[in-house]
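Enquirer:
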Ligand SMILES: [Zn+2]
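In this note's numbering, the protein residues as written are 7 to 274.
Rendered as structure tokens:
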């Protein structure tokens, strides 16, 4: 990689942590009646308004060892995790698109901006689902619309997109419908529609299978930990918000281009 490549990746790293910092605000303030652009950020414990040097993504958290400078109360781990996660997702997306297009082409810039928007929405949905056990429909509809535009622009035939949506969303809709929302929420069905839109038929079904595996592995780990702590294990739905698993699988398959035949071959 030449010097310009290094500078570009460094820029994407800074951009990712900064956007991640904004996504934290969106996650905390959505549905609370607070505006996203209103007021400066402050400490939740002592209400101290934060100075600019206390608002540098990741860096401030590390320098202050995760505590407020005034009252020394702990800053939530969600802040640095979402900032770091967003940066990693942006860097991987840049690398992935860089294998297909040259950094100075306008197509590259268009896809990079489009997918950074899309994955930002996905980060918000995943973290929101973990916190509140639900996914706001607004974010899903926005991401589906954006994904649809990106796919149409990339030249995917409309029938392919629609077949992908039906193939991926139908199994989850059946689980949702037959279990009367016990196994699946409607938010999960909407995420499956997003999956089908972004990935199409073959990669979409591969992502769906991977999300079930991730969910199963997570479920087993949670049950084992519950056993160890001698707690009553949680019921399936309360223990497993499924949205994050779907979104992790979606991003993994986007990066690695795993299709259904590839997934089946792993077991053949
Ligand atoms: Zn404080």
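For each residue, glycine too, the CB sits at the ideal point set by N, CA and C. All of these numbers come straight from a predicted model, not from anything done at the bench.
Does the structure place the stretch 145-158 close enough to the stretch 88-107 that three or more beta carbon pairs sit under 8 Å?
Expert: Contact fails: fewer than three Cβ-Cβ distances are below 8 Å.
Enquirer: When the Cα of residue 143 is compared with those of 167, 104, 193, which residue comes out closest?
Expert: The option with the nearest alpha carbon to residue 143 is 193.
Enquirer: Measure the C-alpha to C-alpha separation of residue 171 and residue 270 and round it to an integer number of angstroms.
Expert: Approximately 21 Å, taken between the alpha carbons.
Enquirer: When DSSP labels each residue in this structure, what does residue 48 get in the three-state scheme?
Expert: Looking at residue 48 - three-state DSSP - the assignment turns out to be strand.
Enquirer: Could you name each continuous alpha helix (DSSP H) segment of 4 residues or more that falls completely within the stretch 164-229, going from the start of the chain to the end?
Expert: Complete alpha helix (DSSP H) runs here, min 4: 164-184.
Enquirer: Can you tell me which of 77, 191, 140, 215 puts its alpha carbon nearest to the alpha carbon of residue 272?
Expert: Selected option, being the one with the closest Cα: 215.
Enquirer: Across the stretch 113-129 and the stretch 51-58, are there enough close Cβ pairs to call them in contact, namely three or more that are closer than 8 Å?
Expert: Contact between the stretch 113-129 and the stretch 51-58 is absent, because fewer than three Cβ pairs lie under 8 Å.
Enquirer: Taking 7 Å as the cut-off, is the CB of residue 279 close to at least one heavy atom of ligand 1?
Expert: The structure shown has nothing for residue 279, since the chain only spans 7 to 274.
Enquirer: Buried or exposed, going by whether 16 or more other CB atoms sit within 10 Å of the CB of residue 29?
Expert: Per the 10 Å Cβ criterion, buried.
Enquirer: Looking at the secondary structure, which residues open and close the alpha helix (DSSP H) in which residue 67 lies?
Expert: Run containing residue 67: 65-69, per the alpha helix (DSSP H) assignment.
Enquirer: Kindly list the residues whose CB is nearer than 6 Å to the CB of residue 242, restricted to its own chain and excluding five residues on each side of it in sequence; keep chain order.
Expert: Note that residue 242 scores 48 on pLDDT, short of 50, meaning its location in the model is unreliable; the coordinates nonetheless yield the value given after this. Excluding positions up to five away in sequence, the list is empty.
Enquirer: Can residue 66 be considered in contact with ligand 1, in the sense that its beta carbon sits closer than 7 Å to one or more heavy atoms?
Expert: Flag unset: Cβ of residue 66 not near ligand 1.
Enquirer: Hey, how far is the Cα of residue 68 from the Cα of residue 146?
Expert: Distance between the alpha carbons of residue 68 and residue 146: 33 Å.
Enquirer: Under the criterion of a Cβ to heavy atom distance below 7 Å, does residue 52 qualify as lining ligand 1?
Expert: For ligand 1, at least one heavy atom lies less than 7 Å from the Cβ of residue 52.
Enquirer: Going along the chain, which residues of its own chain have a beta-carbon closer than 8 Å to the beta-carbon of residue 73, five neighbours each way excluded?
Expert: Correct list, in chain order: 79, 80, 81.
Enquirer: Give the DSSP bridge partners of residue 235, in chain order.
Expert: The partner list for residue 235 (beta bridge, DSSP) is empty, contrary to what the question assumes.
Enquirer: Please list the terminal residues of the continuous alpha helix (DSSP H) segment that includes residue 161.
Expert: Run containing residue 161: none; DSSP gives neither H nor E here.
Enquirer: At a threshold of 7 Å, does residue 79 count as lining ligand 1 (C-beta to nearest heavy atom)?
Expert: Under cutoff, so the answer is yes.
Enquirer: Less than 6 Å between C-beta atoms, sequence neighbours within five positions excluded: which residues of the same chain meet that for residue 166?
Expert: Here the set comprises 206.
Enquirer: Please tell me whether, using a cut-off of 7 Å, the distance from the CB of residue 209 to the nearest non-hydrogen atom of ligand 1 is below it.
Expert: No, Cβ of residue 209 sits at least 7 Å from all heavy atoms of ligand 1.
Enquirer: Using the three-state DSSP reduction, which class does residue 73 fall into: helix, strand or coil?
Expert: If DSSP states are grouped into helix, strand and coil, residue 73 belongs with the strands.
Enquirer: Would you grab the beta carbon distance between residue 12 and residue 92 for me? Rounded to a whole angstrom, and I think it's under 8 Å.
Expert: About 20 Å; that fails the 8 Å criterion.
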